[in-house]
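Enquirer: Next up is a structure, given as structure tokens.
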Amino acid sequence: MKFPQFSMLPFLMVVVMLSLSGTTLSHPHWDFLHCLSLRLANYSTISKVIYVQNNPSYSSVLNASIHNTRFSTPATPKPFAIITPLKTSHVRSTLYCSKKHGFQLRIRSGGHDVEGLSYVSEIPFVILDLLNFRAIKVDTKNEVAWVQSGATLGELYYAIAAKTNTLAFPAGMCHTVGAGGHFSGGGYGTLFRKYGLAADNIIDARMIDVNGRILDRKSMGEDVFWAIRGGGGNTFGIVLAWKIKLVPVPAVVTVFTINKNLEQNATKIFHRWQYIAHKLPDDLFMNVWITKVNSSQAGMKTVQATFRGMLLGGVDELITLIQDKFPELGLAEENCNEMSWIESVLYFGGLPLQSVDILLDKNALPTLSFKAKSDYVKEPIPESGIEGLMSMFLEEEADNAVAMIAAFGGKMDDIPENELPYPHRAGNLFEATYIAQWTKEENAESGKYISWSRRLYSYMTPYVSKSPREAYVNYRDLDLGINNNDYTSYEQASIWGFKYFKNNFKRLVQVKTKVDPMNFFRNEQSIPPLLSPWKKKGN
Ligand code: FDA
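Those letters in the sequence shown? Residues -26 to -1, 1 to 513, by mature numbering (1 follows the signal peptide of the UniProt record, and there is no 0).
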């Protein structure tokens, strides 16, 4: 009897694992597992890093970072394996074996991709899940931090606040969003009128390119460093970590919320808001959410505009400012609350204010199914236009819908359009994200909610940016166009590419052509190289 070669042992252990779980696999799958298990080398690592279908933990690992239950149905295509690397060499091995055996790689950090692209693919794929890459090192002396891509924004904010209450980071409002995808597309929240996007405040990064090289800002070069800060994820390489610049905040900020429904002049006040909000001092963040709510008349519904904001300063200053510039809002002290910046993160994230520990809880809020679409608005919408928008929220499909509208201006006006791939800077009054939402149980009826979001988008056409109709890549919308599974021409990708990136799309294509000419890192809306391999072969 011959003993198996030592180098075969890890693979045999995987075979045992698979046969115990009842998994049947075809050749390329075996080859991939063989390749990866040889490189991971020991059983204990393999069992913590590789999750194949039918592994008892496969579903929980897959579902742990699904933040849109539209993509959590039995019919949703599933990865053949989920790889959760513990260290950089595991990431490189996954990349190596995926390339070698022809599997598409979907990189997942926080899993908030609004079209599910970090965990769904129509062709055979593997998820590289960075859930173990969550380390955060905050250096208050130099006002910088290193954040690994799998860390959530909540974990980042928590880590900063654990050291100081006068530094912060200007990123998004939802605490479960991952740094990896968020920074890759721009990222904005309550501090963006003062300090710009998350991507504007990144000063270095650690990335693995398609050849497995580990690069930092210097070795990747300024073109690639430019592209990864806003050009969209899963395109230029696997970003392991980001070095960010922290920004000063006062020990006390003031937040406020005021609700106005249709009977309380919501339409007129929102109309007026459009002329004022983008011109207010950059210390003030302000947004409006439009939703359907119960009316004061029993059994009736109305539409509510919720005006929320935050001033980097005290309540007296806020009230004086708003009474002077926007008296129509009727802001009073009882609408305001002074708190620390980290408490404001809870406030805007819809979390209870009791304890900041909730920022570490990825399941603190329920997950829904949704479809998102975004617009940028450069001219105030006339009152009649707003009336139409409001009336669409009275429709049956809008029971859980929301339009999230954030005033631009401030620092965003000062940053040139080509500074980073994110081009939506000066000249925008606000960005609007329309979200149709429903429960997982209603997924069979998702079509009617998605149609509502498309009708709303169509209704907004006359009032929003044109040529191109701009959109925010972090609120990705596959209705704008998708790549083919094989060759995608520049012209085809331009349809959505110019909406997300305007003229920066051209430079993104050039960078992609240089760093990943064979288009290994790709998804339905990744930047294509100029001449992809299929085209070269004449297929
Ligand atoms: P996920 O892991 O799904 O990644 C998104 C994309 O980036 C995918 O294509 C993925 O493959 C790729 N990717 C992920 N990690 C990568 C890595 N390490 N290297 C290379 N590519 C990588 N936006 C905003 O600006 N402000 C806000 O306040 C919010 N709030 C918000 C709330 C909710 C509930 C949702 C669902 C979304 C938002 N967003 C947002 C949008 C959010 O910024 C956007 O969806 C991000 O891409 C999510 O990043 P994740 O890492 O969580 O997603």
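Yeah, the Cβ is synthetic: ideal placement off N, Cα and C, and Gly gets one too.
1) Beta-carbon within less than 8 Å of residue 40's beta-carbon, same chain only, minus the 5 sequence neighbours each way: which residues are those?
2) Have a look at 293, 334 and 427 and flag the residue whose alpha-carbon is nearest the alpha-carbon of residue 376.
3) Rounded to whole angstroms, what's the CA-CA distance from residue 271 to residue 400? Just pull it up for me.
4) If you reduce the DSSP assignment to three classes, tell me which class residue 248 lands in.
5) Can you check whether the CB of residue 253 is closer than 9 Å to the CB of residue 302?
6) Got a sec, what are the start and stop residues for the alpha helix (DSSP H) residue 201 sits in?
7) Can you give me the C-alpha to C-alpha distance between residue 119 and residue 385, rounded to a whole angstrom?
8) Could you check whether the Cβ of residue 186 sits closer than 8 Å to any heavy atom belonging to the ligand FDA?
9) Just the Cα atoms here: how many angstroms apart are residue 52 and residue 408?
10) Is it buried or exposed, residue 290, if we count other Cβ atoms within 10 angstroms and call 16 or more buried?
11) Can you find a heavy atom of the ligand FDA that lies under 8 Å from the Cβ of residue 151?
12) With residue 407 as the anchor, note down where its beta strand (DSSP E) starts and where it stops.
13) Could you say which of 12, 28, 34 and 109 lies nearest to residue 68 if we only look at CA atoms?
14) Measure the beta-carbon distance from residue 330 to residue 132 and round it to whole angstroms, keeping in mind my assumption that it falls under 8 Å.
15) So within the stretch 141 to 209, which uninterrupted alpha helix (DSSP H) runs reach at least 4 residues, ignoring any that extend past its ends?
16) Is the closest heavy atom of the ligand FDA to the C-beta of residue 445 under 8 Å?
17) State the DSSP-derived secondary structure class of residue 282, mapped to helix, strand or coil.
18) Does residue 328 come out as helix, strand or coil in the three-state DSSP assignment?
19) So what does residue 277 bridge to, in DSSP terms?
20) Can you give the Cα-Cα distance for residue 129 and residue 263, rounded to whole angstroms?
21) Using a 10 Å radius around the Cβ and a threshold of 16 neighbouring Cβ atoms, would you call residue 421 buried or exposed?
22) Taking the straight line between their C-alpha atoms, what separation do you get for residue 493 and residue 312?
23) Can you tell me whether DSSP reads residue 343 as helix, strand or coil?
24) Does the beta carbon of residue 158 come closer than 9 Å to any beta carbon on chain D?
25) Can you have a look at residue -6 and say buried or exposed, based on whether 16 or more other CB atoms are within 10 angstroms of its CB?
26) Quick check: what's the CA-CA separation for residue 229 versus residue 154?
27) Is residue 7 helix, strand or coil by DSSP?
28) Inspect the beta-carbon positions of residue 323 and residue 167 and report whether they are closer than 9 Å.
29) With a threshold of 8 Å (Cβ to nearest heavy atom), would residue 514 be considered close to the ligand FDA?
30) Grab me the residues of residue 61's own chain with a C-beta within less than 6 Å of its C-beta, minus the 5 sequence neighbours each way, in chain order.
31) Among residues of its own chain, excluding the 5 on either side of residue 150, which ones have a beta-carbon nearer than 8 Å to its beta-carbon?
32) Compute the Euclidean distance between the alpha carbons of residue 276 and residue 269, then round it to the nearest angstrom.
33) Is it a yes or a no for the stretch 232 to 242 touching the stretch 203 to 210, going by three-plus beta-carbon pairs under 8 Å?
34) Checking 9 Å against the spacing of the C-beta atoms, do residue 372 and residue 404 come in under that value?
35) Determine the direct distance from the alpha carbon of residue 135 to that of residue 500, and round the result to whole angstroms.
36) According to DSSP, simplified to helix, strand and coil, what is residue 497?
Expert: Based on what the coordinates show:
1) In the sequence shown, counting from the first residue as 1, residue 40 sits at position 66. Within the same chain, residue 40 has close Cβ partners 46, 85, 90, 93 and 341.
2) Numbered from 1 along the sequence shown, position 402 holds the residue referred to as residue 376. Comparing Cα positions, the closest option is 427.
3) To locate residue 271, count along the sequence shown from 1; it is residue 297. To locate residue 400, count along the sequence shown from 1; it is residue 426. Rounded to the nearest angstrom, the two C-alpha atoms are 43 Å apart.
4) Mapped onto the sequence shown, residue 248 falls at position 274. Note: residue 248 maps to helix in three-state DSSP.
5) Translated into positions along the sequence shown, residue 302 becomes position 328. Translated into positions along the sequence shown, residue 253 becomes position 279. The Cβ-Cβ distance between residue 302 and residue 253 does not fall below 9 Å.
6) Walking along the sequence shown from the start, residue 201 turns up at place 227. It spans 196 to 202 - the alpha helix (DSSP H) in which residue 201 sits, taken as one unbroken run.
7) For this step, residue 119 is matched to residue 145 along the sequence shown. For this step, residue 385 is matched to residue 411 along the sequence shown. Straight-line Cα distance between these residues: approximately 22 Å.
8) To locate residue 186, count along the sequence shown from 1; it is residue 212. For the ligand FDA, not one heavy atom lies less than 8 Å from the Cβ of residue 186.
9) Position 78 of the sequence shown, counting from 1, holds the residue named residue 52. Position 434 of the sequence shown, counting from 1, holds the residue named residue 408. Taken atom to atom, the span from the alpha-carbon of residue 52 to that of residue 408 is near 28 Å.
10) In the sequence shown, the residue the question calls residue 290 occupies position 316. Residue 290 sits exposed, since fewer than 16 C-beta atoms from the chains shown fall within 10 Å of its C-beta.
11) For the purposes of this step, residue 151 is taken as residue 177 along the sequence shown, with counting starting at 1. Checking every heavy atom of the ligand FDA against the Cβ of residue 151, one is found closer than 8 Å.
12) Here residue 407 is taken as the residue at index 433 of the sequence shown, counted from 1. Annotation: the continuous beta strand (DSSP E) that includes residue 407 extends over 404 to 412.
13) Counting from 1 along the sequence shown, the entry for residue 68 is found at position 94. Of the candidates 12, 28, 34 and 109, 12 places its Cα closest to the Cα of residue 68.
14) Taking the sequence shown and counting its residues from 1, the one referred to as residue 330 is at position 356. Taking the sequence shown and counting its residues from 1, the one referred to as residue 132 is at position 158. Going by Cβ atoms, the distance from residue 330 to residue 132 rounds to 6 Å, so yes, they are a contact pair.
15) Whole alpha helix (DSSP H) segments, 4+ residues: 153 to 159, 166 to 169, 191 to 194 and 196 to 202.
16) Position 471 of the sequence shown, counted from the first residue, corresponds to residue 445. No, Cβ of residue 445 sits at least 8 Å from all heavy atoms of the ligand FDA.
17) Walking along the sequence shown from the start, residue 282 turns up at place 308. Of the three classes helix, strand and coil, the one that applies to residue 282 here is strand, per DSSP.
18) Numbered from 1 along the sequence shown, position 354 holds the residue referred to as residue 328. It is coil, neither helix nor strand.
19) As a working mapping, residue 277 is identified with position 303 in the sequence shown. For residue 277, which the question treats as bridged, DSSP gives the partners 266.
20) Here residue 129 refers to the residue found at position 155 when the sequence shown is read from its first residue. Here residue 263 refers to the residue found at position 289 when the sequence shown is read from its first residue. Rounded to the nearest angstrom, the two C-alpha atoms are 26 Å apart.
21) Mapped onto the sequence shown, residue 421 falls at position 447. Exposed is the call here.
22) Residue 493 sits at position 519 when you count from the first residue of the sequence shown. Residue 312 sits at position 338 when you count from the first residue of the sequence shown. When only Cα atoms are considered, residue 493 and residue 312 end up about 50 Å apart.
23) Numbered from 1 along the sequence shown, position 369 holds the residue referred to as residue 343. Per DSSP, reduced to three states, the secondary structure at residue 343 is strand.
24) Absent here is chain D; the protein component of the structure consists of one chain.
25) Within the sequence shown, residue -6 is the residue found at index 21, counting from 1. Here residue -6 scores only 49 on pLDDT, less than 50, and its place in the model is too uncertain to base an answer on.
26) As a working note, residue 229 is residue 255 in the sequence shown. As a working note, residue 154 is residue 180 in the sequence shown. Taken atom to atom, the span from the alpha-carbon of residue 229 to that of residue 154 is near 28 Å.
27) Position 33 of the sequence shown, counted from the start, is the residue given in the question as residue 7. Of the three classes helix, strand and coil, the one that applies to residue 7 here is helix, per DSSP.
28) By one-based count along the sequence shown, residue 323 stands at place 349. By one-based count along the sequence shown, residue 167 stands at place 193. Their beta carbons are not under 9 Å apart, which means residue 323 does not touch residue 167 by this criterion.
29) Given a span of -26 to 513 for the chain in the structure shown, any question on residue 514 remains unanswerable.
30) Stepping through the sequence shown from its first residue, residue 61 is reached at position 87. Correct list: empty, nothing qualifies.
31) Taking the first residue of the sequence shown as position 1, residue 150 is located at position 176. For residue 150, where only same-chain residues beyond five positions count, the Cβ hits under 8 Å are 41, 84, 86, 126, 127, 128, 336, 338 and 339.
32) In the sequence shown, the residue the question calls residue 276 occupies position 302. In the sequence shown, the residue the question calls residue 269 occupies position 295. When only Cα atoms are considered, residue 276 and residue 269 end up about 5 Å apart.
33) Between the stretch 232 to 242 and the stretch 203 to 210, the count of C-beta pairs closer than 8 Å stays below three; the two stretches do not touch.
34) By one-based count along the sequence shown, residue 372 stands at place 398. By one-based count along the sequence shown, residue 404 stands at place 430. In this structure, residue 404 does not lie closer than 9 Å to residue 372 by Cβ.
35) Residue 500 sits at position 526 when you count from the first residue of the sequence shown. Residue 135 sits at position 161 when you count from the first residue of the sequence shown. Between residue 500 and residue 135, the C-alpha separation is close to 35 Å.
36) Counting from 1 along the sequence shown, the entry for residue 497 is found at position 523. Three-state DSSP puts residue 497 in coil, outside helix and strand.
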